[in-house]
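Chains as they are written, first to last, in the numbering used here: chain A, 3 to 329; chain B, 3 to 329.
Quick reminder that beta carbons are idealized off the backbone N, C-alpha and C, glycines included.
The structure is reproduced here in structure tokens:
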């Protein structure tokens, strides 16, 4: 990733799970990194996430929806990773306006700031397969009509499509990756509101019983965070795939129960039980879902490289060392 | 439309083009109508629009994004027409945050208010074919992937999908109609920012030269506003089509140049000239586009009944009588 050496890079949401892993890699690569983060605890922001690079990044604690602030920050940047956002589907149903602010207003603010201040920057957005809603066929392809089934999915869809519009209408070089069940170090694992993966990992590590909703046979694809960081960097560096959107996804779909069994074999602790869906989760559940990343693979060669066993082992190791900062 | 007699109905954006025509029809039908309108002149709000019923409606001038206000207004209503919004594609590119407020926050506010106060109301949303973006084939069907090409299209898409989510997750009985080039009395015709139809009508009536962008052969479907009001009322009264979205559309696609010729034959004044697209409009132009309304027709029997000649004649007659309030 020589493209990033010596480059100025802005990461919104850089204290969060994906953003902090990306920031660490970029600093290692020799980039000059600025992080903008609102330090909203519901977003997974955690100062400890950037502990390895805390003296090497410019850290701005501020509102990603503050256009004046963001206009100042996008100036002179070569790359912008537009990652700030809420990730909780459940919370988006409880407080849809908070989700709207972070997932619709915030990404639009970055684009509008770039329109005014810096049309040369490459902007990479972190979309989500949640925007598809219930899959019409599997694996999910980018050609499926987007039919989000929760407020978070609607808002992330809007956030993504602003990027497409700003490319087409203003020539700003954008790209969106649709992320899928990312896991790994630096994820919020305190509670289950940001998805089951981090929560399951913590439950297993503390020796608790994991509740698997449904029948446990629903299929999912998983991406280890290092593979996602690879994808984001590749996306930002590739000028042949502008104004477009691409699924990420796991190499193989895995039944949820299998995921849990692999996890428990690594932790050597914890247990699981198959239980019926609670009503509020059933309302936004989508059954089996996994994506094809063939479009992104054929454009860039990217594919996930870290196996589930290896990724979970690294993740468990990380939280064992630093659990005081995450439990 | 006996379903509406004696019913309490809320119309957001009821001073605007579609909302005021709907309000007049509902009052004639014997409904008890409350209008909420922010009186934002960029939205086409015009007090004269409700002149025929001004003593027969409850008029609330207020912000459709004010959740406390809207919570009070949705209580006890049988039907809610969620029409408040910005309609200018050009303005949405110039001030995307204003468009976001009216097209994303406002419709979500109505839904969230209903979730808290009144889950029994039927909610009808006015979507737009603009959310499709450039057609992949013609006529446009509801199965086409939504690929909006301007900020207004993205925002209207989000506004619509909240309705789908609130139906599925909260059981609120919603429906969205995707409107297409509606024209008729009470449309804003002062400037061209809200679409070409009203602007062309005024230009013809004042004897000016109409500029037709492109080659004039781009096809469009048109709906006279009375047909759209029919569709909205039918949509609200039909409990078998919940949580779904339907195209409206004209009976036959018409080249833009033909539309102008019909118009000029009715006004007996004005002229036209074919001119190249200005850059800012070319960026969001989508060529020929017309929709199929077969899905809505097969669900409800609706079809447009007013011919272009008849609709334009009634429209020109209206503005001739009341032009002081619209020019």
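Within a Cβ cutoff of 8 angstroms, which residues of the same chain sit near residue i, ignoring the five residues on either side of it in sequence?
i             : result
residue 232/A : 304 and 307
residue 294/B : 141, 142, 143, 249 and 251
residue 287/B : 215, 216 and 279
So, helix, strand or coil for residue i, using DSSP?
i             : result
residue 273/A : strand
residue 61/B  : strand
residue 117/B : helix
residue 79/A  : coil
residue 38/B  : strand
residue 149/A : strand
residue 107/A : helix
residue 299/A : helix
residue 243/B : coil
residue 48/B  : coil
residue 283/B : helix
residue 93/A  : helix
residue 189/A : coil
residue 10/A  : strand
residue 43/B  : helix
residue 258/B : helix
residue 156/B : helix
residue 162/A : helix
residue 23/A  : helix
residue 127/B : strand
residue 267/B : helix
residue 324/B : helix
residue 226/A : strand
residue 205/B : helix
residue 221/B : strand
Tell whether a beta-carbon distance below 8 angstroms holds between residue i and residue j.
i             : j             : result
residue 125/A : residue 84/A  : yes
residue 190/A : residue 130/A : no
residue 173/B : residue 151/B : no
residue 185/B : residue 313/B : yes
residue 330/B : residue 128/B : Chain B is shown only over 3 to 329; residue 330/B falls outside these bounds and no answer can be derived.
residue 77/B  : residue 114/B : no
residue 195/B : residue 92/B  : yes
residue 202/B : residue 262/B : yes
residue 265/B : residue 206/B : yes
residue 65/A  : residue 90/A  : no
residue 276/B : residue 197/B : no
residue 80/A  : residue 9/A   : yes
residue 169/A : residue 244/A : yes
residue 31/B  : residue 6/B   : yes
residue 3/A   : residue 235/A : yes
What does a CB cutoff of less than 6 angstroms around residue i pick up in its chain, not counting 5 residues either side in sequence?
i             : result
residue 240/B : 302
residue 35/B  : 11, 25, 28, 29 and 59
residue 227/A : 23, 184 and 186
residue 237/A : 126, 177 and 179
residue 290/A : 220 and 221
residue 171/B : none
residue 327/A : 50
residue 19/B  : 46, 188 and 189
residue 21/B  : 13, 15 and 85
residue 166/A : 245
Residues in its own chain within less than 7 angstroms of residue i by CB, not counting five upstream and five downstream?
i             : result
residue 61/A  : 37
residue 98/B  : 153
residue 75/A  : 12, 36, 38 and 62
residue 256/B : 221, 222, 224 and 310
residue 138/B : 146
Next item on the list: Can you give me, in chain order, the residues of the stretch 100-119 of chain A that have a beta carbon less than 7 angstroms from any beta carbon in chain B?
Entry: 102, 106, 107, 110 and 114
Checklist line | the stretch 105-119 of chain B touching the stretch 159-175 of chain B, judged by at least three CB pairs closer than 8 angstroms | finding: yes
Next item on the list: Note down, in chain order, all residues in the stretch 74-104 of chain A with a beta-carbon under 8 angstroms from any beta-carbon belonging to chain B.
Entry: 95, 98, 99 and 102
Notebook entry, point to check: Taking three-plus beta-carbon pairs below 8 angstroms as touching, is the stretch 203-222 of chain B in contact with the stretch 266-284 of chain B?
Noted result: yes
Next item on the list: Please name the residues in the stretch 150-163 of chain A whose beta-carbon is closer than 8 angstroms to at least one beta-carbon of chain B, in chain order.
Entry: 150, 151, 152, 153, 155, 156, 157, 159, 160 and 163
Note to self: So if I threshold CB-CB distances at 7 angstroms, which residues from the stretch 168-184 of chain B count as touching chain A?
What the structure shows: 170 and 171
Margin query: For the stretch 298-311 of chain A, list every residue whose C-beta sits within 7 angstroms of some C-beta in chain B, in sequence order.
Written below: none
Notebook entry, point to check: What are the residues of the stretch 26-47 of chain B that lie near chain A, defined by any Cβ-Cβ distance shorter than 7 angstroms?
Noted result: none
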